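**Student:** Numbering (UniProt numbering), first residue to last: 1 to 510.
In structure tokens form, the structure reads like this:
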């Protein structure tokens, strides 16, 4: 994978930029005796705790039977938990929903993206006809991001937006908070700068790595976070973004009022009682990451890249192929791993392993030895070298994951048995959205005095005009009665006489 800083575009995209889902793997592999150990999806194996899972189980009937609260109520609770104003938060049905709307509403014509990276940051703007300026991270420097060189690349290409993942996916590279703020200061002239902090809770290099507080104050910055990755609940699908009220409002107005499900609401409202357990889970993941890095680095010929995420990127020796290794680990060791050949800026020599408890990593290391050194006489040497490694720090206690108990009836169909164990996901065509993105005019100036009536913001297409007071509605993210949306849709508008005006939208659900 020859790369150099500022190398420009990275070539045409591959068919897909993600691996098959866990459910697709189970459906397509009827011969599996038990669910595979998942090294593919970066997750938090220590959260939710059994106690929190028990609370969700106890309330399962209520969660499934009744409507969730609207997004405003759930986001207000999240803002209270994070110490952020709800006007600066937008919650989505997974961070990818927010990526989609960020692309449609806030990215105009071009975006600079360091690669390799999370596939939706390149695929999504390409699907909507944007120019994606791909800045290739140099392999010889461990995929480290040089911010000075990135700024030069953006200037040379004329990119109007930029995306930085911190920590980076798939390599786990990390920029310290001061470096990110310096980069934001250099890019104030861009339409938009996105900092994807989906894995930042796993960082232990510094105490407060996030720049979410900066995003709430800056005119062109969005910070994206994924609660599913942090909390080990990918299936719930919930993420959020932080931005100034003008940018946040632009995205919020396009989302359905009930875009979050009841599971997401239940977890958000339970988090305050389980903050200490969550912090402990992050400490355990960091300990497992250090142990796993040491175990895998002991294998001759395997290059392991240091990471601040809950995953490790590895490069195989010359002549070894990640696709074959992936299939070998699944068929012989029942391990599901992520081969990175379909990531732009990467190749099939690279694999990403999610951080897991030590017992699982021992099994992974055995599978790697069997594949890498088979027939070469190096298996014994590899095992011997691994045996003299200094003892690793105590790993986190192992929590067995629930087995996939029953096989669905359709697994017994011949059509499923004839397919290979590792099926490819379908490739979806790029489609345009029915709702056109509103024209972006001038970048709004973020006002610190909410009582002003003057506003630079465009009209809200979803607010009906007229003098009828029923046509006015509260900001869905502000639970107080002091502020209300007028027809100019200023995010902060004070009533002239200071009275509390009680206005409420109509709920047409049966």
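Built from N, CA and C at the ideal position, the CB exists for glycine as well. Given the structure is predicted, the values throughout are model-derived calculations rather than measurements.
Contact defined as beta carbons within less than 8 Å: I believe residue 511 pairs with residue 137. What is the distance between those atoms, to the nearest angstrom?
**Tutor:** For the chain, the structure presents residues 1 to 510; residue 511 sits outside this window and is missing.
**Student:** I'd like to confirm the pairing. Which residues does DSSP put opposite residue 161 in its beta bridges?
**Tutor:** For this step, residue 161 is matched to residue 161 along the chain shown. 192.
**Student:** What residues in its chain sit with their C-beta under 6 Å from that of residue 209, if we drop five residues either side in the sequence?
**Tutor:** The sequence position of residue 209 within the chain shown is 209, counting from 1. Only 177, 200, 203 meet the Cβ criterion.
**Student:** Looking at the unbroken alpha helix (DSSP H) that takes in residue 352, where does it start and where does it end?
**Tutor:** Position 352 of the chain shown holds residue 352. Where residue 352 is concerned, there is no enclosing alpha helix (DSSP H), although the beta strand (DSSP E) it sits in stretches over 350-354.
**Student:** Here's the rule I'm using: 16 or more other beta-carbon atoms within 10 Å means buried, otherwise exposed. How should residue 231 be labelled?
**Tutor:** Position 231 of the chain shown, counted from the first residue, corresponds to residue 231. Burial call: buried.
**Student:** I'd like the list of long-range same chain contacts for residue 142, defined as Cβ closer than 6 Å, with 5 residues on each side in sequence excluded.
**Tutor:** Residue mapping note: residue 142 aligns to position 142 of the chain shown, counting from 1. Excluding positions up to five away in sequence, the list reads 305.
**Student:** Give me the Cα-Cα distance between residue 321 and residue 118, rounded to the nearest whole angstrom.
**Tutor:** Numbered from 1 along the chain shown, position 321 holds the residue referred to as residue 321. Numbered from 1 along the chain shown, position 118 holds the residue referred to as residue 118. In a straight line, the C-alpha of residue 321 is about 21 Å away from that of residue 118.
**Student:** Which residue marks the beginning of the beta strand (DSSP E) containing residue 114, and which one marks its end?
**Tutor:** Residue numbering aside, residue 114 sits at position 114 when the chain shown is read from its first letter. It spans 110-115 - the beta strand (DSSP E) in which residue 114 sits, taken as one unbroken run.
**Student:** For the beta strand (DSSP E) that residue 311 lies in, which residues bound it at each end?
**Tutor:** As a position in the chain shown, residue 311 is number 311, starting the count at 1. Its beta strand (DSSP E) spans residues 311-315.
**Student:** On the three-pair Cβ rule with 8 Å, is the stretch 278-297 touching the stretch 78-86?
**Tutor:** Because the criterion of three Cβ pairs below 8 Å is not met, the stretch 278-297 and the stretch 78-86 do not touch.
**Student:** Residue 39: beta carbon under 8 Å from a heavy atom of the ligand SAM?
**Tutor:** For the structure depicted, the ligand SAM is absent and the ligand set is empty, with no information on it obtainable.
**Student:** By a C-beta neighbour count over all protein chains shown, 10 Å radius and 16 as the cutoff for buried, is residue 67 buried or exposed?
**Tutor:** Taking the first residue of the chain shown as 1, we reach residue 67 at position 67. Result: exposed.
**Student:** Can you tell me the Cα-Cα spacing of residue 331 and residue 195, whole angstroms?
**Tutor:** Here residue 331 is taken as the residue at index 331 of the chain shown, counted from 1. Here residue 195 is taken as the residue at index 195 of the chain shown, counted from 1. One C-alpha to the other measures close to 38 Å.
**Student:** Hey, could you find the ends of the beta strand (DSSP E) residue 240 is sitting in?
**Tutor:** On the chain shown, residue 240 is found 240 positions in, with the first residue counted as 1. Per DSSP, residue 240 belongs to the beta strand (DSSP E) from 239-242.
**Student:** So residue 192 packs on residue 63, CB below 8 Å; how close in whole Å?
**Tutor:** Counted from its first residue, the chain shown places residue 192 at position 192. Counted from its first residue, the chain shown places residue 63 at position 63. The Cβ separation is near 36 Å, so there is no contact.
**Student:** If I follow the unbroken alpha helix (DSSP H) through residue 92, where does it start and stop?
**Tutor:** Along the chain shown, read from residue 1 onward, the residue named residue 92 stands at position 92. Element bounds for residue 92: not the alpha helix (DSSP H) but the beta strand (DSSP E), 89-92.
**Student:** Alpha carbon to alpha carbon, what distance is there between residue 65 and residue 167?
**Tutor:** To locate residue 167, count along the chain shown from 1; it is residue 167. To locate residue 65, count along the chain shown from 1; it is residue 65. Taking the straight line joining both Cα atoms gives about 38 Å.
**Student:** Counting along the chain, where does the alpha helix (DSSP H) carrying residue 213 start and finish?
**Tutor:** Locating residue 213 in the chain shown gives position 213, counting from the first residue. 212-215 is the extent of the alpha helix (DSSP H) around residue 213.
**Student:** Write down every uninterrupted run of the beta strand (DSSP E) in the stretch 235-301 whose length is 3 residues or greater and which is fully enclosed by it, in chain order.
**Tutor:** List check, beta strand (DSSP E) in window: 239-242.
**Student:** Classify residue 197 as helix, strand or coil using the three-state DSSP reduction.
**Tutor:** If you number the chain shown from 1, residue 197 lands on position 197. Of the three classes helix, strand and coil, the one that applies to residue 197 here is coil, per DSSP.
**Student:** Taking the beta carbon of residue 357 as the centre, do at least 16 other beta carbons fall within 10 Å, making it buried, or is it exposed?
**Tutor:** As a first step, residue 357 is located in the chain shown; it is residue number 357 there, counting from the start. Its Cβ being crowded by 16 or more others within 10 Å, residue 357 is buried.
**Student:** Does the Cβ of residue 140 have 16 or more other Cβ atoms within 10 Å, making it buried, or fewer, making it exposed?
**Tutor:** As a working note, residue 140 is residue 140 in the chain shown. Its Cβ having fewer than 16 others within 10 Å, residue 140 is exposed.
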